[in-house]
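**Student:**
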Amino acid sequence: KKTVFMAAFAKIREEFGFIFKRLTDGEAWLELEDEEEVFSGGILLMARFGLKPAWESLSLSGGEKAVSGVALIIAMQSVQPHPFYLFDEIDSHLDAINSANLAQFLKERSRAAQIVTITLRDVFIARSDMTYGVYSAGGISRYVHYKPAAAEVSVKRG
Amino acid sequence: KKTVFMAAFAKIREEFGFIFKRLTDGEAWLELEDEEEVFSGGILLMARFGLKPAWESLSLSGGEKAVSGVALIIAMQSVQPHPFYLFDEIDSHLDAINSANLAQFLKERSRAAQIVTITLRDVFIARSDMTYGVYSAGGISRYVHYKPAAAEVSVKRG
Amino acid sequence: MRGFKSSGSRPVAVNMEPGFTVITGPNGSGKSNIADAILFAIGENSPKQLRAANGKLSGVIYDPKKEDGETGTTAAERPNSCRVTLQLVNIDRAIPVDNDLVTITRELKETGENVYFLNGKKTTRTALGEILDLAGLSPGGLNIVPQGAATKVADLTPEEKRRIIEDVV
Amino acid sequence: MRGFKSSGSRPVAVNMEPGFTVITGPNGSGKSNIADAILFAIGENSPKQLRAANGKLSGVIYDPKKEDGETGTTAAERPNSCRVTLQLVNIDRAIPVDNDLVTITRELKETGENVYFLNGKKTTRTALGEILDLAGLSPGGLNIVPQGAATKVADLTPEEKRRIIEDVV
Ligand SMILES: Nc1ncnc2c1ncn2[C@@H]1O[C@H](COP(=O)(O)OP(=O)(O)OP(=O)(O)O)[C@@H](O)[C@H]1O
Ligand SMILES: Nc1ncnc2c1ncn2[C@@H]1O[C@H](COP(=O)(O)OP(=O)(O)OP(=O)(O)O)[C@@H](O)[C@H]1O
Ligand SMILES: [Mg+2]
Ligand SMILES: [Mg+2]
Numbered sequence: 001k002k003t004v005f006m007a008a009f010a011k012i013r014e015e016f017g018f019i020f021k022r023l024t025d026g027e028a029w030l031e032l033e034d035e036e037e038v039f040s041g042g043i044l045l046m047a048r049f050g051l052k053p054a055w056e057s058l059s060l061s062g063g064e065k066a067v068s069g070v071a072l073i074i075a076m077q078s079v080q081p082h083p084f085y086l087f088d089e090i091d092s093h094l095d096a097i098n099s100a101n102l103a104q105f106l107k108e109r110s111r112a113a114q115i116v117t118i119t120l121r122d123v124f125i126a127r128s129d130m131t132y133g134v135y136s137a138g139g140i141s142r143y144v145h146y147k148p149a150a151a152e153v154s155v156k157r158g
Numbered sequence: 159k160k161t162v163f164m165a166a167f168a169k170i171r172e173e174f175g176f177i178f179k180r181l182t183d184g185e186a187w188l189e190l191e192d193e194e195e196v197f198s199g200g201i202l203l204m205a206r207f208g209l210k211p212a213w214e215s216l217s218l219s220g221g222e223k224a225v226s227g228v229a230l231i232i233a234m235q236s237v238q239p240h241p242f243y244l245f246d247e248i249d250s251h252l253d254a255i256n257s258a259n260l261a262q263f264l265k266e267r268s269r270a271a272q273i274v275t276i277t278l279r280d281v282f283i284a285r286s287d288m289t290y291g292v293y294s295a296g297g298i299s300r301y302v303h304y305k306p307a308a309a310e311v312s313v314k315r316g
Numbered sequence: 317m318r319g320f321k322s323s324g325s326r327p328v329a330v331n332m333e334p335g336f337t338v339i340t341g342p343n344g345s346g347k348s349n350i351a352d353a354i355l356f357a358i359g360e361n362s363p364k365q366l367r368a369a370n371g372k373l374s375g376v377i378y379d380p381k382k383e384d385g386e387t388g389t390t391a392a393e394r395p396n397s398c399r400v401t402l403q404l405v406n407i408d409r410a411i412p413v414d415n416d417l418v419t420i421t422r423e424l425k426e427t428g429e430n431v432y433f434l435n436g437k438k439t440t441r442t443a444l445g446e447i448l449d450l451a452g453l454s455p456g457g458l459n460i461v462p463q464g465a466a467t468k469v470a471d472l473t474p475e476e477k478r479r480i481i482e483d484v485v
Numbered sequence: 486m487r488g489f490k491s492s493g494s495r496p497v498a499v500n501m502e503p504g505f506t507v508i509t510g511p512n513g514s515g516k517s518n519i520a521d522a523i524l525f526a527i528g529e530n531s532p533k534q535l536r537a538a539n540g541k542l543s544g545v546i547y548d549p550k551k552e553d554g555e556t557g558t559t560a561a562e563r564p565n566s567c568r569v570t571l572q573l574v575n576i577d578r579a580i581p582v583d584n585d586l587v588t589i590t591r592e593l594k595e596t597g598e599n600v601y602f603l604n605g606k607k608t609t610r611t612a613l614g615e616i617l618d619l620a621g622l623s624p625g626g627l628n629i630v631p632q633g634a635a636t637k638v639a640d641l642t643p644e645e646k647r648r649i650i651e652d653v654v
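So the sequences go chain by chain: F, H, A and G.
With the first letter of the first sequence counted as 1, position 7 gets the number 7 in our numbering; the numbers rise by one all the way through.
With the first letter of the second sequence counted as 1, position 37 gets the number 195 in our numbering; the numbers rise by one all the way through.
With the first letter of the third sequence counted as 1, position 47 gets the number 363 in our numbering; the numbers rise by one all the way through.
With the first letter of the fourth sequence counted as 1, position 22 gets the number 507 in our numbering; the numbers rise by one all the way through.
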């Protein structure tokens with residue numbers, strides 16, 4: 001049990017560090033509270049943004065938590081391949097720069113796997129291969145799709 | 159106790175309906191689960207958006223909950239005057255139209271009371287009387303202020 | 317999708333091509349309901365995870381709520397079942413089934429009865445779950461990230477963070 | 486603010502005029518810390534509400550974290566106290582104090598000792614709380630809405646919704 005856990009943890013830790021560096025101008029890492037008795041301690045998520053000192057995830061701001069959380073989730077996904085990935089509004093607390101970095105990162109990852117993101121922001125729409133517009137007509141959802149390169153994007157009431 | 163509660167509830171219910179109508183193209187209301195034994199039941203928040211049927215708040219979407227929640231909070235604030243109001247990122251789950259309606263509503267309310275909102279979106283900045291830009295220099299926050307009418311607004315890394 | 321949440325009682329289809337797909341639209345238009353439909357098709361049974369109305373699994377069946385005398389249209393009868401079909405390209409045989417295209421269908425009747433089909437043949441939730449699990453597609457899987465989950469992960473205590481990594485293995 | 490969270494060890498001031506003020510800036514720049522500073526000044530004691538580091542009230546004192554040998558600057562000593570001053574225009578006498586300007590100061594020492602001042606005169610948290618409460622300014626008040634509160638209010642059960650309205654009266 002411990003060996004299996006440690007093997008997965010090592011892979012997740014490595015991926016997490018790599019992804020976080022791609023998403024931000026800082027670095028982040030995972031620490032085991034108890035290296036010997038792994039299951040009697042937890043895991044600390046440490047993150048350093050820009051020139052600021054490093055803080056454990058519980059002391060980060062709302063947006064810093066969102067970026068760290070997304071990086072950890074994507075790192076955990078790497079343990080096993082999945083047929084597709086779907087993210088629902090992971091950008092809602094991110095500022096313009098973090099949103100753009102995340103959109104760019106997912107666009108690159110979508111070369112190797114199918115990635116679907118639900119979003120309200122143009123920064124993701126602009127980078128998509130295909131965009132679905134959903135709107136409600138009398139309580140029933142309707143779906144239209146278009147390739148964003150041409151269309152002027154704006155979110156309208158259905 | 160019941161009479162005091164009912165008087166406040168009546169005021170909150172009226173304000174809530176009014177505010178919700180200003181923020182969206184629908185209507186919403188509060189219902190007592192038990193009109194007789196008020197304290198043995200709860201309060202239902204019903205909301206109808208556009209042409210859709212009305213749903214209780216627990217069945218609404220993320221953005222619909224955010225709009226309903228903000229309307230209820232502002233309605234509850236009306237029971238007693240406050241020297242100022244401060245809202246921290248109440249627009250993060252709202253689409254472009256709901257954000258613009260909310261920004262406009264708060265701008266109008268700010269004529270009678272001081273309103274401060276923390277936001278990442280331009281739609282609020284454009285309507286503000288004064289904007290504070292906060293950025294971090296080596297872990298220490300610095301504050302600059304400007305009147306947005308002239309400035310081209312964008313969120314930059316500190 | 318037919319009769320699933322806000323998709324209405326007529327069948328609708330959403331085709332996603334490989335690469336980077338974005339779903340956008342106004343608040344409440346039905347974006348997250350697409351994610352719920354996928355979770356439903358692969359066997360998710362929790363009303364809370366599916367955000368089913370009234371906290372019951374049958375709450376995912378399309379409900380036009382016309383009973384209170386609103387302007388009823390003819391299509392407004394509440395269907396007594398809902399059905400979601402998920403088609404996955406399987407050229408790389410990631411799903412241990414010998415077809416280029418794998419079609420999964422789940423139908424839920426108002427009575428609470430569930431019926432699952434894999435490539436047109438009736439199957440059980442458990443049998444389907446075993447096959448999909450090998451391909452990394454299960455209701456509790458990390459590849460579908462619901463609204464609000466990213467910030468919640470960072471707010472977990474160190475103990476809880478260790479547990480979610482234990483669950484991954 | 487002096488020595489409060491990310492405001493650093495030198496005093497800084499943020500002047501807000503009447504009307505509609507917007508605070509913006511990158512993630513983690515210190516926007517929500519301004520809201521925490523206001524809550525702190527009016528008597529909030531919960532480390533959780535103030536999002537104090539390490540879950541202790543003294544976690545709100547500026548911590549440059551230089552102890553691990555990073556490039557230390559001279560100003561990098563961790564102060565042993567923090568102080569926040571809040572000035573409110575009181576021309577309408579909403580706050581029951583006979584001054585056009587009301588100045589509230591709270592200082593917290595690393596030892597855990599708190600000192601409160603009202604217009605320069607020392608006072609206690611309780612006495613200050615009673616005066617501010619009459620003006621609709623209390624730590625649990627509805628006029629300061631933290632990040633994420635709006636969606637949480639809609640997610641409350643009917644019972645919880647009744648209770649928050651009971652608390653308002
Ligand atoms: N005691 C402290 N000393 C120094 N810095 C601190 C202290 N407590 C918190 N911080 C810093 O303050 C930052 C959080 O600031 P805050 O929550 O105000 O950000 P924000 O501008 O609201 O960001 P977001 O847009 O993501 O919500 C953290 O990154 C943390 O590094
Ligand atoms: N069983 C049902 N029958 C009909 N409509 C339903 C049913 N269940 C939910 N809905 C509707 O679906 C809507 C929610 O859709 P969804 O959560 O997908 O919105 P969304 O596009 O994700 O919005 P947001 O941007 O706010 O997150 C609700 O407003 C509700 O009216
Ligand atoms: Mg949604
Ligand atoms: Mg914040």
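Quick reminder that beta carbons are idealized off the backbone N, C-alpha and C, glycines included.
No experiment lies behind these values; they were computed from the predicted model shown.
1. Do A205(H) and A224(H) count as a contact pair if the criterion is CB distance below 9 Å?
2. With a cut-off of 8 Å on the beta carbons, I'd call V461(A) and I73(F) a contact; round off their distance for me.
3. Please report the Cβ distance between N512(G) and S492(G), rounded to the nearest whole angstrom; I am assuming they are in contact, meaning their Cβ atoms lie under 8 Å.
4. Checking the sheet assignment: what are the DSSP bridge partners for G133(F)?
5. Can you tell me the Cα-Cα spacing of G452(A) and V485(A), whole angstroms?
6. Just the Cα atoms here: how many angstroms apart are L524(G) and L535(G)?
7. Does at least one heavy atom of ligand 1 sit under 8 Å from the Cβ of E247(H)?
8. Would you verify that the beta carbon of S92(F) is, or is not, closer than 9 Å to some beta carbon of chain H?
9. Mapping DSSP to helix, strand and coil, what is N599(G)?
10. Would you say E502(G) lies against chain H (beta-carbon separation less than 9 Å)?
11. Note the first and the last residue of the continuous alpha helix (DSSP H) segment covering K656(G).
12. Using only alpha-carbon positions, find the residue among G227(H), R300(H), D253(H) and L278(H) that is nearest to G175(H).
13. Indicate, with yes or no, if ligand 1 has a heavy atom lying under 8 Å from the CB of Y301(H).
14. Which partner residues of E189(H) appear in the DSSP bridge assignment?
15. Cutting at 6 Å between CB atoms, please list the residues of its own chain near P279(A), excluding the five before and the five after it.
16. So with CB distances below 9 Å, who are the chain A contacts of N256(H)?
17. Can you confirm whether E562(G), when its beta carbon is compared against all beta carbons of chain H, has any partner nearer than 9 Å?
18. Check M164(H) in the structure and name its three-state DSSP category.
19. Out of curiosity, what's the CA-to-CA distance linking F20(F) and A71(F)?
20. Are I276(H) and L244(H) touching if we call contact CB-CB under 9 Å?
21. Should the stretch 414-423 of chain A be regarded as contacting the stretch 433-445 of chain A, the criterion being three or more beta carbon pairs within less than 8 Å?
22. Taking A54(F) as the reference, which of D548(G), S531(G) and L542(G) has the closest Cα?
23. If you measure between the beta carbons of D287(H) and F505(G), is that distance less than 9 Å?
24. Identify the continuous beta strand (DSSP E) that holds K606(G) and give its terminal residues.
25. If contacts are defined as beta-carbon pairs under 8 Å, then D471(A) and L58(F) qualify, I think. What distance do you get, rounded to the angstrom?
26. Between T24(F) and chain A, is any beta-carbon pair separated by less than 9 Å?
27. Could you tell me which chain A residues have their CB closer than 7 Å to the CB of A8(F), listed as they occur along the chain?
28. Could you give the distance in angstroms between the alpha-carbon of V376(A) and the alpha-carbon of S566(G)?
29. How would you write the range of the alpha helix (DSSP H) that S257(H) sits in, first residue to last?
30. Could you work out which residue in Q262(H), L278(H) and R267(H) is closest to G291(H) when comparing CA atoms only?
31. If you check the beta carbons only, do I527(G) and V582(G) fall under 9 Å apart?
32. Using a threshold of 9 Å, state whether the C-beta atoms of S299(H) and S514(G) are closer than that.
33. Is the beta carbon of K637(G) within less than 8 Å of some heavy atom of ligand 3?
**Tutor:** On the basis of the data shown:
1. Taking 9 Å as the cut-off, the Cβ atoms of A224(H) and A205(H) do not count as close.
2. 6 Å
3. In fact, because the Cβ distance is near 17 Å, the residues do not count as touching under 8 Å.
4. V144(F) and T340(A)
5. 12 Å
6. Their Cα atoms are separated by approximately 7 Å.
7. yes
8. yes
9. strand
10. Yes, E502(G) counts as interfacial toward chain H.
11. The structure shown does not extend to residue 656(G), since chain G is modelled only from 486 through 654, so no value can be given for it.
12. G227(H)
13. no
14. When beta bridges are read from the DSSP output, E189(H) appears opposite L202(H).
15. What the structure shows of chain A is the stretch from 317 to 485, and residue 279(A) is not part of that stretch, so it cannot be assessed.
16. Proximity of chain A to N256(H) at the Cβ level (cut-off 9 Å) is accounted for by P342 and N343, in chain order.
17. no
18. helix
19. 6 Å
20. In contact: I276(H) and L244(H) (Cβ atoms closer than 9 Å).
21. yes
22. D548(G)
23. yes
24. K606 to T608
25. About 7 Å separates the Cβ atoms of D471(A) and L58(F), confirming a contact at the 8 Å cut-off.
26. no
27. I481, V484 and V485
28. Near 55 Å, if we compare the C-alpha coordinates of S566(G) and V376(A).
29. A254 to R267
30. L278(H)
31. Contact: no.
32. yes
33. no
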